[in-house]
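Residue numbers (my numbering), protein chains in the order written: chain A, 136 to 452; chain B, 983 to 1412.
Heads up, the beta-carbon is just placed ideally off N, CA and C, and yes, glycines get one too.
To start, the structure itself, in structure tokens.
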Amino acid sequence: MSLLQVQNLKKYFATQKAVDDISFDVEKGSIFGLLGPNGAGKTTLIRMITGIFYPDEGQIIFDGKKFDPINDVAHIGYMPEERGLYKKMKIGEQATYLAQLKGLNKSDAIAKIKEWFIKFEMQTWWTKKVEDLSKGMSQKLQFVTTVLHEPKLIILDEPFSGLDPVNSNLIKDEIFKLAQRGSTILFSTHRMEQVEEICDHIVLVNKGKKILDGSVKGVKNQFKENLFSVGFEEIPKNLNGNLPFEIVGTKDHAFVVAIKSGSKPNDVLNYFLQQGVNVISFNEMLPSLSDIFIKLVEGTPLTRQFLPKETVEQASN
Amino acid sequence: MNKIWLVIKREYITRVRNKTFLLSTILLPLVMVLFIAGAIFFAATPEGKKKIAVEDRTGELEKFLKSDTSKMIFSFNSGADTSNFVQKGYDGLLYPVDSTGKHFLLKTPKAASNETMDRIRNRLSTAYLSSKLLEKNITVEQIDSINNASSSYYTVDNTDEKNKNVNAAINSGIGFASGIIIYITMFIFGAMVMRGVMEEKTSRIAEVIISSVKPFQLMMGKIIGIGAVGLTQMLLWIILIFIIFFAAGTFLPSDVMQQVQDIQNNPGVMSSNPGQFSAAAKGIANLTNLNWPLILGCFLFYFLGGYLFYSALFAAVGSVVNEDPQEAQSLMFPIVMPIIFAFFIMSANIDKPDSPVMVWASIIPFTSPIVMMGRLASSPPFWQLAVSMLSLIGGFILTTWLAGKIYRTGILLYGKKPSWKEMIKWIRRS
């Protein structure tokens, strides 16, 4: 069942089509990756989903009903890419304020914040000011304030930028836990290695259009080039006979081979076994999302064209 | 509604708890009271008793030049001369410069005040009058009684009823002062709104908040919250100033307070018998005779109205600029100009409150908060006050609506500052 359905969404600005007819579904409890180069329309798309912008056309179905920004924003947690906190405000008060704006009452908010602060070892921060925190620390605080009100949909725009590996992992683990407990996570980034680790399903947008939609595994299979890596104790010198593959590369004690059409991986193994060489590994080489991303996006040369400032114009509501 | 209330509360509490708020709230009335007290001290406080040694060559003066025991004591044949009168304990030496004995010089260690010179001239002319009257066989007692009666025999009142008991100068001074206070506070609190908006934008919290609250709610919450801070500060100032004045009242000499009460109980007495009251008593009586409920009511209305009118515009400016305060300067210019212009109109025309420029400026909402306060002293017609107030209310609804359109786009916009043309486009659209 889908928590969020985006149907034929359009948002045109004076100088460009920021979001041009995009549709996708986000399954409940899944971790969904919204990918795309800078300026592809991700932020505009997210701003429509969070009720900041009204779409020009198309509709958003949230939790089975037409998206109603005024009431539904309480069930959405949004951590924008451009994010910050009130510098002069005490951390505990700030978190309470943000939680209250999401509809929590004060005592619930405080209880939940304390719970999260213990989890992230932030108990001593309560009376400190944001200006005393490092960038990574305030990032943790922002994450807490985003998920505090137990939103059904959590939208994270580049959540790991500026975090060290330890804190990155801490937050990554929490994202998994939240998804297990039924929250749906929409994750926007252009850092592909994180997407591969975390996401179940991805959508790639470019120049306001959706160019790819599928599970991480499915997408990789779709773009695979039948490459295999075959590892040997010793690289065989002479390869005779009718090869069911082509060697496209050699590294250390392995060949990278492309299987010819009509042949199967077993044919490759059989060939080497008959040759009497000791095969120690045999792996399919799937393309990384990063490769797919570059391949798809590079095809369209003007992807990173200069973005006119009207991008956020017409913030109509 | 609940959310806008949360925003208001945050804006209010974070500012009221701030140390600078407390400090300025307490210090400003103190400074004002010290300033006023100083002005009164130098202007109205009578100088102390002066002892003047007189070198009287003819012996004429000794007979007729009378000491005024409370203010001035003349001593004759004291043996004081220009070199030693200070050592002998005199404040001044009066001596003739030529043989006629008519032209005197007053030598004092420091330049004598006008009041002292006037008093000596006055005494000397009375002395001459007395000496001439004595030659006509009128007794000293008769001369004294005529002198005493002369100051209150004829009295004069102004026909303009409203000015009868109230000193017009003090009245317009109060209006002028309120105008200045509104002028200054409009800048202070307007800039506070602008900086608040800029802070939200540059610290990048705006988008986080906007995902829970409508931009218009956030803007209004900020404006109302800071307005409440301003109102709190105003009320505290008014209360503090009244407390300080009443506390100061108990330190005034009891005869001054007695005189004040006499004037209050019998309003006609001041004009019929001005000589019997001290300047301090008259000043205090005039202050207490003002129409304070009207002045305070209008002051609070125009403070709030002017604040609401301009703070929305300041918020719009704050929303379109980035980190660079220079950008804010150039955008603030068209907002600041009418405020300065209003102050200029009021200062230049404070003595002609019913001139056309004052009437118009007190009705147009761009200038009315300041100019109308300056006119209030001369009791403008009720319909003008009503039109001015209504147009100010209409004005701030309009500026808030316009500013809201610029704000909601500007607050999420990073990068280059938009041009005026673009901002007008934002207003026109949707």
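Listed by chain order, chain A residues near residue i by CB distance under 9 Å
i: Thr996(B); result: Tyr221, Lys223, Met224 and Glu228
i: Ile1226(B); result: Residues of chain A passing the Cβ test: none, with the nearest at roughly 32 Å.
i: Ile1379(B); result: Result: empty, since nearest Cβ-Cβ is about 20 Å, beyond 9 Å.
Closer than 8 Å at the beta carbon, the chain B residues around residue i
i: Leu169(A); result: Going along chain B, no residue has its Cβ under 8 Å from Leu169(A), so there is no contact; the nearest lies around 16 Å.
Contact check, residue i vs residue j, beta carbons under 9 Å
i: Ile1055(B); j: Lys1089(B); result: no
i: Ile1406(B); j: Tyr1284(B); result: no
i: Gly1324(B); j: Ile1345(B); result: Strictly speaking, residue 1324(B) in this sequence is Ala, with Gly absent from that position. Contact flag unset, no.
i: Ile320(A); j: Leu276(A); result: no
i: Leu180(A); j: Phe428(A); result: no
i: Lys1414(B); j: Val1302(B); result: As shown, chain B starts at 983 and ends at 1412. That puts residue 1414(B) outside it, with no answer to give.
i: Ala1297(B); j: Ile1205(B); result: yes
i: Leu236(A); j: Leu1394(B); result: no
i: Gln140(A); j: Val154(A); result: no
i: Ser1194(B); j: Lys985(B); result: yes
i: Gly164(A); j: Ala209(A); result: no
i: Ser1154(B); j: Asp1333(B); result: yes
i: Leu233(A); j: Ile1191(B); result: yes
i: Phe1198(B); j: Gly1386(B); result: yes
i: Ile1102(B); j: Leu1116(B); result: no
Chain B residues whose Cβ lies nearer than 7 Å to that of residue i
i: Lys237(A); result: Ser1194
i: Thr185(A); result: Ser1193
i: Tyr406(A); result: What Tyr406(A) touches in chain B: nothing, since even the nearest Cβ is about 58 Å away.
i: Pro538(A); result: Given a span of 136 to 452 for chain A in the structure shown, any question on residue 538(A) remains unanswerable.
In DSSP terms, what residue i is bridged to
i: Val141(A); result: Phe159(A) and Ile195(A)
i: Ile382(A); result: Val392(A)
i: Gly1074(B); result: Ile1034(B)
i: Val340(A); result: Lys345(A)
i: Lys146(A); result: Val154(A)
i: Asp292(A); result: Ser323(A)
i: Leu169(A); result: Ser323(A) and Val338(A)
i: Tyr213(A); result: Ile290(A)
8 Å Cβ cut-off: residues of chain A touching residue i
i: Ser1185(B); result: Gly219, Leu220, Tyr221 and Lys222
i: Arg999(B); result: Going along chain A, no residue has its Cβ under 8 Å from Arg999(B), so there is no contact; the nearest lies around 10 Å.
i: Glu1305(B); result: By Cβ distance, chain A contributes nothing, its closest Cβ being about 12 Å from Glu1305(B), past 8 Å.
i: Glu1097(B); result: Result: empty, since nearest Cβ-Cβ is about 55 Å, beyond 8 Å.
i: Leu988(B); result: Tyr232, Gln235 and Leu236
i: Tyr1396(B); result: Glu217
Chain-ordered chain A contacts of residue i [CB-CB under 7 Å]
i: Lys985(B); result: Leu236
i: Arg1410(B); result: Ordered by position in chain A, no residue passes the 7 Å Cβ test against Arg1410(B), which lies about 11 Å from the chain.
i: Ala992(B); result: The sequence shown places Arg at residue 992(B), rather than the Ala named in the question. Per Cβ cutoff of 7 Å: Tyr232.
i: Glu1309(B); result: Simply none; closest approach about 14 Å.
Check: residue i C-beta below 8 Å from any heavy atom of the ligand SAM
i: Ile1223(B); result: Looking for the ligand SAM in the displayed structure turns up nothing, as the structure carries no ligands at all.
Residues near residue i in its chain [Cβ-Cβ closer than 6 Å; skip 5 each side]
i: Glu266(A); result: Lys222
i: Asp207(A); result: Phe197
i: Glu300(A); result: It should be noted that the sequence gives Pro, not Glu, for residue 300(A). Hits under 6 Å: none found.
i: Glu445(A); result: Note that Glu445(A) scores a pLDDT of 44, beneath 50, so its modelled location is shaky and nothing firm can be said.
i: Glu1309(B); result: Val1303 and Lys1399
i: Thr1381(B); result: Phe1291, Ala1294 and Leu1295
Cutoff 7 Å; reference residue i; Cβ partners in own chain excluding five residues on either side
i: Ile394(A); result: Asn361, Phe363, Pro379, Phe380, Pro400 and Val403
i: Lys359(A); result: Leu421 and Pro422
i: Phe1046(B); result: Ala1109, Ser1112 and Ser1113
i: Lys152(A); result: Gly343
i: Glu1305(B); result: Thr1184
i: Tyr994(B); result: Gly1207, Ala1210 and Val1211
i: Gly176(A); result: Ala153, Val154, Val340 and Gly343
Cross-chain neighbours of residue i in chain B, by beta carbon under 9 Å
i: Tyr147(A); result: Those within 9 Å of Tyr147(A) in chain B number zero; the least Cβ separation is about 12 Å.
i: Thr262(A); result: Result: empty, since nearest Cβ-Cβ is about 13 Å, beyond 9 Å.
i: Val208(A); result: Ser1193, Ser1194 and Val1195
i: Pro294(A); result: Simply none; closest approach about 13 Å.
Chain-order list of residues whose beta-carbon lies under 8 Å from that of residue i (same chain, five-residue window excluded)
i: Ser451(A); result: Because the pLDDT of Ser451(A) is 40, which lies under 50, any placement of that residue in the model is unreliable, and the number read from its coordinates should be weighed accordingly. Cβ within range, chain order: Phe188 and Tyr189.
i: Val354(A); result: Ile337, Leu347, Leu424 and Ile427
i: Ser1337(B); result: Asn1331
i: Met1371(B); result: Phe1283 and Gly1287
i: Gly297(A); result: Lys270, Gly271 and Gln274
i: Lys991(B); result: Gly1207
contact_flag[the segment 1171-1188 of chain B, the segment 216-230 of chain A] where n(CB pairs < 8 Å) is 3 or more: yes
Three-pair Cβ contact test at 8 Å for the segment 995-1005 of chain B versus the segment 1196-1216 of chain B: yes
Cβ pair count under 8 Å reaching 3, the segment 1005-1020 of chain B against the segment 1076-1091 of chain B: no
The segment 311-329 of chain A in contact with the segment 236-246 of chain A per 3-pair CB rule at 8 Å: no
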